[in-house]
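Visitor: Right, I'll just put the structure down here and ask away after.
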Amino acid sequence: MTKADSFNRDVVFIGAGNLATSLSVAFFNAGWRVVQVYSRTYQSAATLANRLNAEPTATLNSLIPDAQLYVVALPDSVIQTVAEQLPSLKGFLVHTSGSTSIEVLSVADVLGYGVFYPLQTFSKARLVEFKNVTVCIEGNSQATLNALSSIAQAITSSVVALDSEKRRWLHLAAVFASNFTNHMLAAAYRIAEQNGVDFKIFEPLVRETVSKAFLANPKDFQTGPAVRFDQQTMEQHLSMLGFSDLELQNIYKELSLSIQNFAQSKK
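Okay, so the sequence shown: first residue is 23 according to the numbering used here, each after it adds one.
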């Protein structure tokens, strides 16, 4: 029996978007009972709730009061507003934001409050396998932190306790590691598509790049014309982009300069 087995295994999701979909399915598959799904739009709540044999609702006041866990998976800008509108709840309340302080939940009347932040990118069309996803947790007390750790271990083998300040820096770094990386791939896709090249040809290159990045400091594995200070090739690339895409030309300039600055830095 795991520590999580000693808990009431009922969970309520406040939100029905990308993250809520993958996380709720992960809890469901781990044997938890997703008893209710809230969304401002009833149909959104119903779509996810039907998948989980849960009750949909579009009214915060109708939330089931005695679940073990309440997961606020909503945009950062509305988390505190929603917390202020919640009825008294007997379980733990968490939000899933990487950049929002734990204290926005302090206004709620709950058993304990905290953060349950999965370090992953989500979309409804592609469910995430949670067993290898790192979940970053924070609690308003040691008892809450211990409870959230046990709950997280029901769905993943990687649980890390981080306070709000460290989590904000983690989130910032994740934007560079994931969001900006994907944007660069979108830029490569645009160039390839416009010039009759199959984007799939880049897959082995990208996989090798990412694989090497986790062997040491990624800076030490940097390749390409910028780190070689190959001005001739860089000028050729900039000229090509000047005829086709000035936005990407500017990005190329800035990133190349950053690569060169990193290469010369001792950090």
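Every residue, glycine too, gets a C-beta built ideally from N, C-alpha and C.
Could you compute how far the alpha carbon of N283 sits from the alpha carbon of D98?
Guide: By one-based count along the sequence shown, residue 283 stands at place 261. By one-based count along the sequence shown, residue 98 stands at place 76. Between N283 and D98, the C-alpha separation is close to 34 Å.
Visitor: Go to G161, then tell me how far its beta strand (DSSP E) extends in each direction, as first and last residue.
Guide: Here residue 161 refers to the residue found at position 139 when the sequence shown is read from its first residue. From DSSP, the beta strand (DSSP E) with G161 extends over T156 to G161.
Visitor: With E77 as the anchor, note down where its beta strand (DSSP E) starts and where it stops.
Guide: By one-based count along the sequence shown, residue 77 stands at place 55. E77 to T79 is the span of the beta strand (DSSP E), which, as asked, contains E77.
Visitor: Out of G37, N30, S66 and L70, point me to the one whose CA is closest to V47's CA.
Guide: Taking the sequence shown and counting its residues from 1, the one referred to as residue 47 is at position 25. V47 has its Cα closest to that of L70, out of G37, N30, S66 and L70.
Visitor: Less than 8 Å between CB atoms is the rule here; does W54 satisfy it with respect to chain C?
Guide: Note that chain C does not occur in the displayed structure, where there is just one protein chain.
Visitor: Under 6 Å Cβ to Cβ from R190, same chain only, skipping five residues before and after it: list those, please.
Guide: Within the sequence shown, numbered from 1, the residue matching residue 190 stands at position 168. The answer, listed in chain order, is S121.
Visitor: In the segment 76-136, which residue ranges form an unbroken beta strand (DSSP E) of at least 3 residues, counting only runs that do not cross its ends?
Guide: Listed in chain order, the complete beta strand (DSSP E) runs (minimum 3 residues) inside the segment 76-136 are 77-79, 91-94 and 114-117.
Visitor: Between which two residues does the alpha helix (DSSP H) holding V228 run?
Guide: Here the question's residue 228 lines up with position 206 in the sequence shown. Per DSSP, V228 belongs to the alpha helix (DSSP H) from E225 to A235.
Visitor: What do you get for D308, buried or exposed, if any count of 16 or more other CB atoms within 10 angstroms of its CB means buried?
Guide: Because residue 308 is not part of the residues shown, which for the chain are 23 to 289, the question remains open.
Visitor: Looking at the strands, I want to know which residues DSSP matches up with D32.
Guide: Here residue 32 refers to the residue found at position 10 when the sequence shown is read from its first residue. In DSSP, D32 forms a bridge with R55.
Visitor: If you check the beta carbons only, do L127 and A105 fall under 8 Å apart?
Guide: Locating residue 127 in the sequence shown gives position 105, where the first residue counts as 1. Locating residue 105 in the sequence shown gives position 83, where the first residue counts as 1. Yes, these two residues count as a Cβ contact at 8 Å.
Visitor: I need the straight-line Cα distance from A210 to F144, nearest angstrom please.
Guide: Here residue 210 corresponds to residue number 188 of the sequence shown, with the count starting at 1. Here residue 144 corresponds to residue number 122 of the sequence shown, with the count starting at 1. Their Cα atoms are separated by approximately 22 Å.
Visitor: Tell me which residue opens and which closes the beta strand (DSSP E) that S180 is part of.
Guide: Numbered from its first residue, the sequence shown carries residue 180 at position 158. Segment S180 to A183, the beta strand (DSSP E) holding S180.
Visitor: Which class does R250 belong to by DSSP, given the choice of helix, strand or coil?
Guide: Reading the sequence shown from its first residue, position 228 is the one you call residue 250. Note: R250 maps to coil in three-state DSSP.
Visitor: If you count every other CB in all the chains shown that lies within 10 Å of the CB of I223, and 16 or more means buried, which is it?
Guide: Counting from 1 along the sequence shown, the entry for residue 223 is found at position 201. I223 is exposed by the Cβ-count criterion.
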